[in-house]
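Mind the numbering: the sequence shown is residues 0 to 203 in numbering that gives the first Met the number 0, read in order.
Glycine included, each C-beta is placed from N, C-alpha and C at the ideal position.
Keep in mind that this is a model prediction, so the values were computed, not measured.
Here's the structure, in structure tokens; my notes come after.
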Amino acid sequence: MKHKQSVRIAVIFASMTGCISAQTQDPNQTNESLLDHFRIDAERSQVDFAVNHLEFMTIRGAFTEYDATLRMAGTDWTTLELRATIDTASIYTGRGILDDNLRSVDFFDVVTYPQITFSSLTVVPHGTEYLVSGLLTMKDVTQEIMLTLAILDAVTDARGHTRMQIRLSGELNRQTYGVSQGGMPDRLINDIVRLDVRLEAIRQ
């Protein structure tokens with residue numbers, strides 16, 4: 000499936016090669032001058048979802064248009080900040096009629112609500128991974144959700160660029176955001192949608 004670029008995910012973090020320390024006026028704030036910036040490699044990233052249908056079948060899909068940058072203070076993942084914007088019209092399941100229905104007013108209503116956004120609030124250690132809380136806005140409804148962050152890899156490529164691979168996963172209730180066929184029963188589709196976001200970012 001072809002990935003285009005048009006979701007904005009702004010994620011804040013710094014150098015992957017070592018810790019950076021500095022004095023700031025407010026110890027609870029990060030010195031902007033110490034932040035390294037990363038851009039998302041959209042060809043090697045993906046924003047996927049899955050939902051059960053009729054209790055025995057899983058419908059899998061993705062949003063194919065997204066853009067992202069990342070930054071973080073040193074190697075302290077608790078300073079990570081994430082901002083994301085996804086184009087709802089880019090939803091793709093490979094089922095033409097279903098995709099048209101999902102884009103319609105019955106579900107995402109992409110003309111009225113062209114974007115989904117996410118802004119992280121906190122990042123805390125959780126075993127070998129991290130828990131990321133943040134505000135997800137969809138169809139003008141904003142709710143806090145929790146995602147699990149796994150660090151997959153951090154390498155230097157042949158051109159000397161630092162590349163970071165991370166995975167964000169979690170669940171949300173689509174009914175909370177009004178992603179539901181108005182006036183019609185939703186028994187055939189599970190309310191819980193599983194998210195699986197894999198990002199590869201290149202240090203600038």
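Reduced DSSP secondary structure (H/G/I, E/B, other) of residue i
i: residue 98; result: helix
i: residue 176; result: helix
i: residue 118; result: strand
i: residue 188; result: strand
i: residue 68; result: strand
i: residue 89; result: helix
Selected residue, minimal CA-CA separation from residue i, among the options
i: residue 178; options: 58, 103, 65 and 43; result: 103
i: residue 147; options: 188, 140, 77 and 115; result: 77
i: residue 60; options: 168, 95, 49 and 87; result: 49
i: residue 64; options: 160, 180, 47 and 100; result: 47
i: residue 110; options: 137, 93 and 201; result: 137
i: residue 117; options: 145, 126, 125 and 123; result: 145
i: residue 57; options: 108, 92 and 66; result: 92
i: residue 87; options: 96, 73, 71 and 106; result: 106
i: residue 142; options: 129, 114, 164 and 175; result: 175
i: residue 42; options: 55, 164 and 97; result: 164
i: residue 38; options: 68, 129 and 55; result: 68
i: residue 205; options: 191, 187 and 192; result: Because residue 205 is not part of the residues shown, which for the chain are 0 to 203, the question remains open.
i: residue 158; options: 203, 83 and 131; result: 203
Any C-beta of chain C under 8 Å from that of residue i
i: residue 153; result: In summary, chain C is missing from the structure at hand, where a single protein chain is found.
Endpoints, the beta strand (DSSP E) within which residue i is located
i: residue 140; result: 140–155
i: residue 109; result: Neither: residue 109 is in no beta strand (DSSP E) and is coded neither H nor E.
i: residue 192; result: 191–202
i: residue 135; result: 128–137
i: residue 84; result: 80–86
i: residue 160; result: No beta strand (DSSP E) holds residue 160; DSSP gives it neither H nor E.
8 Å Cβ cutoff met for residue i and residue j
i: residue 194; j: residue 133; result: no
i: residue 89; j: residue 198; result: no
i: residue 151; j: residue 162; result: no
i: residue 119; j: residue 171; result: no
i: residue 40; j: residue 201; result: yes
i: residue 139; j: residue 112; result: yes
i: residue 62; j: residue 85; result: yes
i: residue 108; j: residue 70; result: no
i: residue 128; j: residue 153; result: no
Quick check for students: name the residue ranges of the beta strand (DSSP E) that lie wholly in the stretch 29–65, counting only runs of 3 or more. As far as the stretch 29–65 is concerned, its whole beta strand (DSSP E) runs of at least 3 residues are 35–39, 45–52 and 56–62.
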